[in-house]
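Engineer: So that we are looking at the same thing, I have put the structure below in structure tokens.
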Amino acid sequence: MKLFTKPIHKLSAVLFVILLSAAFVLMNQPTLAQAPTPTPKIPTKLLVLQEPCALDPRNWVLNGSMNMPYNTRYGTVANVWKPFSFSIPVPYFRSANNDKIDFDGSQEIYANETFDAGIYQTVHNLKPGAYYWFRLGYSLAIKETDSPDAPADTIGRKVGVDPLGGADPGSPNVIWGPDLFDSKVVINRPEMTMLFNARASDATIFLRAIARDQSVGVNRVWFDWLCMEERADISPATAVVTATTPAVTRTPSATATATFASTATPLPLPTLTPTPAPTATSIPSPTFAPLPTTIPLATATRPAPAAASVAGSPSILQIVIIASVLLALTAIALFVIGYWWWHNNQLKKGNQVPMIIEPRSFLIGLAIGFGLALVLSVSLFLIR
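Numbering (the numbering used here), first residue to last: 58 to 441.
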């Protein structure tokens, strides 16, 4: 009775152990493992628009040159744009011709005291999931005193975007770029540029001025020359958040109104009946930040469900399967060892009993199985 000691049966035993080993290793692979999504390369130059880009008819932002001002309770604001303020009292807004980058003028915000305010515009008819890029070409900050005016490093500027198209600058959906408190260079600063993924058919662009200098004098900020275009050179995102409001036609309008509230909200236009402003709690001023070396990439505050992690987290079913395979391998190993010990004792007693599997064959199969399974699992991971 040496049926189980034939080479064919030794080979079968080795193959059996190989299959069990492969199953064990493969069970440890994450179920939906994916390579990380590469971060889009941040563009630094215009793709489609031509200079002067603010006047290019393909510019997604209306009135990027800040002309055709209209009257509000707080001064004049560039057509299509609307004012907002985090601070009370609200600073003054006016269309300026003294500091600008083009012949159409610029938007100035100023006050004798500190302030945190700006202007915004909602852009319509975007492609949800596509990437868009905008750049504020001119952002000057000056402290005006009896001595010659000089660029002020205590007056900051920053840009932001709400990829869902909301008009509340205090919303958690707004993604703000870094603070810019350096006025040595005021044209085409990388801090005033942002790349974002449109999560709806509307997106709102915010231009914000933050004056912290409480010394005697006037804090002044000028905004001019905003350009925006679609970045067709970047693959669209797959996940899209449904717009909360229907898209409207991109038609300039100077009579649009906004509701005045105590926190950071759009300021009312003159068509509203003036009412006393309630007590406000200002949003804390941003801290000083070092100038970035790259343009910030905007990411939505409420992102779509992310892809599964590369590391993966095992589910209950996966844990049960792994435990079952481990128990099966342990049982087989104990059986082989026990049977080998019993078989040797029987041979010492002179009894002839068949040898189903030799320990050496079992160990060889185990080693080969884990090796092949490891190579296979690494190959599957790289393919995914």
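Every residue, glycine too, gets a C-beta built ideally from N, C-alpha and C.
1. With the cut-off set at 8 Å, would you say L193 and V216 are in Cβ contact?
2. For M249, which three-state DSSP category applies?
3. Going by other Cβ atoms of all chains shown within 10 Å of its Cβ, with 16 needed for buried, is T202 buried or exposed?
4. Within a Cβ cutoff of 6 Å, which residues of the same chain sit near D161, ignoring the five residues on either side of it in sequence?
5. Please name the residue, chosen from T133, A174, A135 and P114, that lies closest to S142 on a Cα-to-Cα basis.
6. Cβ atoms of M285 and N116: under 8 Å apart, would you say?
7. Identify, in the order they occur along the chain, each residue of the same chain with its Cβ nearer than 6 Å to the Cβ of E165, setting aside the five sequence neighbours on each side.
8. So what's Q271 in DSSP terms, helix, strand or just coil?
9. Return the residue from the list S228, K139 and P109 that minimises the CA-CA distance to Y177.
10. Residues in the same chain with beta-carbon distance under 8 Å from N408, minus the five sequence neighbours each way, listed in chain order, please.
11. Which residues in the same chain have their Cβ closer than 8 Å to the Cβ of D270, if we skip the five residues on either side of it in sequence?
12. When the Cα atoms are used, what is the spatial distance from A242 to M249?
13. Please classify S204: is it buried, with 16 or more other beta-carbons within 10 angstroms of its beta-carbon, or exposed?
14. Given this structure, state the Cα-to-Cα distance separating Y127 from P235, to the nearest angstrom.
15. May I have the straight-line CA-CA distance separating A168 from R130, to the nearest angstrom?
16. So the beta strand (DSSP E) S152 belongs to, where does it begin and stop?
17. For G426, does the count of other Cβ atoms within 10 angstroms reach 16, so buried, or fall short, so exposed?
18. Can you tell which of A224, I244 and N245 has the C-alpha that lies nearest to the C-alpha of T261?
19. Which word fits W190, buried or exposed, when buried means at least 16 other C-beta atoms lie within 10 angstroms of its C-beta?
20. By the three-class DSSP mapping on this structure, what secondary structure does W397 have?
21. CB-CB under 7 Å to L106, same chain, minus the five flanking residues each way: which ones, in chain order?
22. Going by DSSP, what residue range makes up the beta strand (DSSP E) through A198?
23. Would V180 and D259 qualify as a contact pair, given that the criterion is a beta-carbon distance under 8 Å?
24. Among D281, W233 and Y195, which residue has its Cα nearest to the Cα of S240?
25. Following a CB-centred definition, is A385 positioned closer than 7 Å to any heavy atom of the ligand ATP?
26. If the criterion is Cβ atoms closer than 8 Å, does the pair P220 and N182 meet it?
27. Could you tell me the alpha carbon to alpha carbon distance between R256 and V147, rounded to whole angstroms?
28. Check the DSSP bridge columns for S163 and list the partner residues they point to.
29. Compute the beta-carbon to beta-carbon distance between L237 and R214, rounded to the nearest angstrom, for a pair I have assumed lies under 8 Å.
Structural biologist: With the structure as the only source:
1. It is a contact, given that the beta carbons lie within the stated cut-off.
2. Of the three classes helix, strand and coil, the one that applies to M249 here is helix, per DSSP.
3. Here T202 is exposed: its Cβ has fewer than 16 other Cβ atoms, across all protein chains shown, within 10 Å.
4. Excluding sequence neighbours, D161 sits near S122 and N124.
5. Here the closest residue by C-alpha is A174.
6. Taking 8 Å as the Cβ cut-off, N116 and M285 qualify as a contacting pair.
7. The beta carbon of E165 sits closer than 6 Å to those of R151, A153 and W279, all from its chain and outside the five residues before and after it, given in chain order.
8. Three-state result, Q271: coil.
9. Nearest of S228, K139 and P109 to Y177, Cα basis: K139.
10. Correct list: empty, nothing qualifies.
11. These residues qualify, in order along the chain: T171, K200, A209, T211, I212 and N276.
12. One detail in the question is off: residue 242 reads as Val in this sequence, not Ala. Cα-Cα distance, rounded: 12 Å.
13. S204 sits exposed, since fewer than 16 C-beta atoms from the chains shown fall within 10 Å of its C-beta.
14. Between Y127 and P235, the alpha-carbon positions lie close to 30 Å from each other.
15. Roughly 15 Å separates the two Cα atoms.
16. Y149 to A153 is the extent of the beta strand (DSSP E) around S152.
17. With 16 or more Cβ atoms within 10 Å of its Cβ, G426 is classed as buried.
18. The alpha carbon of T261 has as its nearest neighbour, out of A224, I244 and N245, the alpha carbon of A224.
19. With 16 or more other CB atoms across the displayed protein chains lying within 10 angstroms of its CB, W190 is buried.
20. Helix.
21. Here L106 has D113, R115, N116, C284 and E286 as same chain residues with Cβ atoms under 7 Å from its own Cβ, once five neighbours each way along the sequence are excluded.
22. Note, A198: beta strand (DSSP E), Y188 to E201.
23. Going by C-beta atoms, V180 is nearer than 8 Å to D259.
24. Comparing Cα positions, the closest option is Y195.
25. The model depicted lacks the ligand ATP and carries no ligand whatsoever.
26. No Cβ-Cβ contact shorter than 8 Å links P220 with N182.
27. Approximately 31 Å between the Cα atoms of the pair.
28. Per DSSP, A153.
29. Yes, they are in contact, since the Cβ atoms of L237 and R214 sit about 5 Å apart, within 8 Å.
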